[in-house]
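In this text, residue positions in the sequence shown follow the numbering used here: the first is 91, and each later residue adds one.
We put the CB at the ideal spot given by N, CA and C, even for glycine.
For reference, the structure discussed in these notes is given below.
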Amino acid sequence: LVNDNGTPYISVETDYSKSDLGQMKTRVSAFIEML
């Protein structure tokens with residue numbers, strides 16, 4: 091996603107459970123690659 095200034099950002103929603111960790115790592119890695 092990109093904000094009004096053109097700066098990329100990621101919005102993360104989680105319940106902070108350990109089961110979310112793998113998916114979170116994947117999404118953050120993909121975001122970093124996009125940069």
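Do you know offhand how far residue i's Cα is from residue j's?
{"i": "Asp105", "j": "Thr116", "result": "17 Å"}
{"i": "Ser107", "j": "Met114", "result": "11 Å"}
{"i": "Asn93", "j": "Val102", "result": "15 Å"}
{"i": "Thr97", "j": "Ser119", "result": "17 Å"}
{"i": "Glu123", "j": "Ser109", "result": "23 Å"}
Using three-state DSSP, classify residue i as helix, strand or coil.
{"i": "Val102", "result": "coil"}
Leaving out the 5 sequence neighbours to the left and right, which residues in its chain are closer than 8 Å to residue i when beta-carbon positions are compared?
{"i": "Tyr99", "result": "Leu91, Val92, Asn93"}
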